[in-house]
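Chemist:
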Amino acid sequence: MALKKTLITPRAAAVWPHLNGPDTKWKAEGQYHSKLRFEVDDPKWLELKSKLEAIRDAKYQEEYDALVAAKKKARADQLKKVEVGNIEVDEDSGEETGFVTIKVAATASGVTKAGKSWRRSVPIFNSQRKELKNPPRISGGSILRCEVEPFAYLSEKDKEIGVSLRLESVQIISLVSGGARSADERGFEEEDGDDIEDEAATGAAEGGDDADGDDDL
């Protein structure tokens with residue numbers, strides 16, 4: 198059996214991740230997925246993009262040559278390449294934000310051609326490469342690296358050739374957890390203003406509960 202040809206993505210912020218369990222909202226079979234967010238000029242992103250474009254381009258050439266050999270050049274000329282990565286655009290201004298996202302995903306369950314049911318999970322590792330058997334919730338803004346298997350595809354309907362990334366495993370570099378959402382996901386933008394830092398924990402907060410434990414009403 199041939200070994201899978203996988204890649205490790207550079208560090209990136211997770212956007213709307215669903216990695217601790219399968220998302221069944223849109224697909225009954227369930228799907229593990231997340232978007233990964235990079236700066237458009239990040240050299241490591243550009244290196245990954247180049248590798249993915251090479252996979253896409255090889256598929257394009259294969260399909261193009263096959264159609265030409267079958268004397269279907271007009272159809273071959275209709276083939277289009279799907280851009281690798283989605284340029285992020287601000288919803289209000291319509292301006293590019295300087296970031297790009299890619300999606301990583303894996304189907305959670307299915308049935309083989311022989312009729313046998315199967316189910317899978319996505320292994321999650323910490324920054325020290327230890328697999329977590331009961332990992333904390335991974336929320337948006339967490340910094341991740343992902344092991345992915347690239348697949349080139351042809352959309353017959355749209356005559357488009359692109360590359361998708363099947364998620365194999367996840368490494369948590371920096372965690373945002375507990376249902377927290379990042380500032381980006383909440384819609385905040387960076388503004389000029391005071392650069393306020395967290396205060397050290399000091400026990401009971403000022404204006405908190407009375408000494409007897411009863412709250413003021």
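Okay, so the sequence shown: first residue is 198 according to the working numbering, each after it adds one.
Backbone N, C-alpha and C define an ideal beta-carbon position, used for all residues, glycine too.
Predicted model, so just to flag it, every value in this text is computed and none were measured.
(1) Does the Cβ-Cβ distance between Ala349 and Arg253 come in under 8 Å?
(2) On the three-state DSSP scale, how would you describe Trp213?
(3) Comparing the C-beta of Val286 with each C-beta of chain C, is any distance below 8 Å?
(4) Any idea what DSSP makes of Lys248, helix, strand or coil?
(5) Can you find at least 3 beta carbon pairs, one from the stretch 344-362 and one from the stretch 202-217, that sit closer than 8 Å?
(6) Can you say whether Leu245 is buried or exposed, counting buried as having 16 or more other CB atoms within 10 angstroms of its CB?
(7) Assuming Gly337 and Val212 form a contact by the criterion Cβ under 8 Å, report the distance between their Cβ atoms to the nearest whole angstrom.
(8) Can Ile299 and Leu341 be called in contact, C-beta distance under 8 Å?
(9) Hey, how far is the Cα of Val297 from the Cα of Trp315?
(10) Leaving out five residues before and five after Ser366 in sequence, what residues of the same chain have Cβ atoms less than 8 Å from its Cβ?
(11) With distance defined between alpha-carbon atoms, name the residue in Asp262, Val279 and Glu280 nearest to Arg272.
(12) Please state the DSSP three-state secondary structure of Lys224.
(13) Could you pull the start and end residues of the beta strand (DSSP E) that Lys300 belongs to?
Modeler: Based on what the coordinates show:
(1) In contact: Ala349 and Arg253 (Cβ atoms closer than 8 Å).
(2) Of the three classes helix, strand and coil, the one that applies to Trp213 here is strand, per DSSP.
(3) Judged by its chain identifiers, the structure shown contains no chain C, having just a single protein chain.
(4) DSSP places Lys248 in helix when its eight states are reduced to three.
(5) These segments touch.
(6) Answer is buried; the Cβ neighbour count reaches 16.
(7) With a Cβ gap of about 6 Å, Gly337 and Val212 count as contacting.
(8) In terms of Cβ geometry, Ile299 and Leu341 do not form a close pair [threshold 8 Å].
(9) Going by the C-alpha atoms only, they are around 34 Å apart.
(10) So the qualifying residues of the chain are Val319, Pro320, Ile321, Phe322, Cys343 and Glu344.
(11) Out of Asp262, Val279 and Glu280, Asp262 has the C-alpha closest to the C-alpha of Arg272.
(12) Correct three-state label for Lys224: coil.
(13) Where Lys300 is concerned, the enclosing beta strand (DSSP E) stretches over Glu293 to Thr304.
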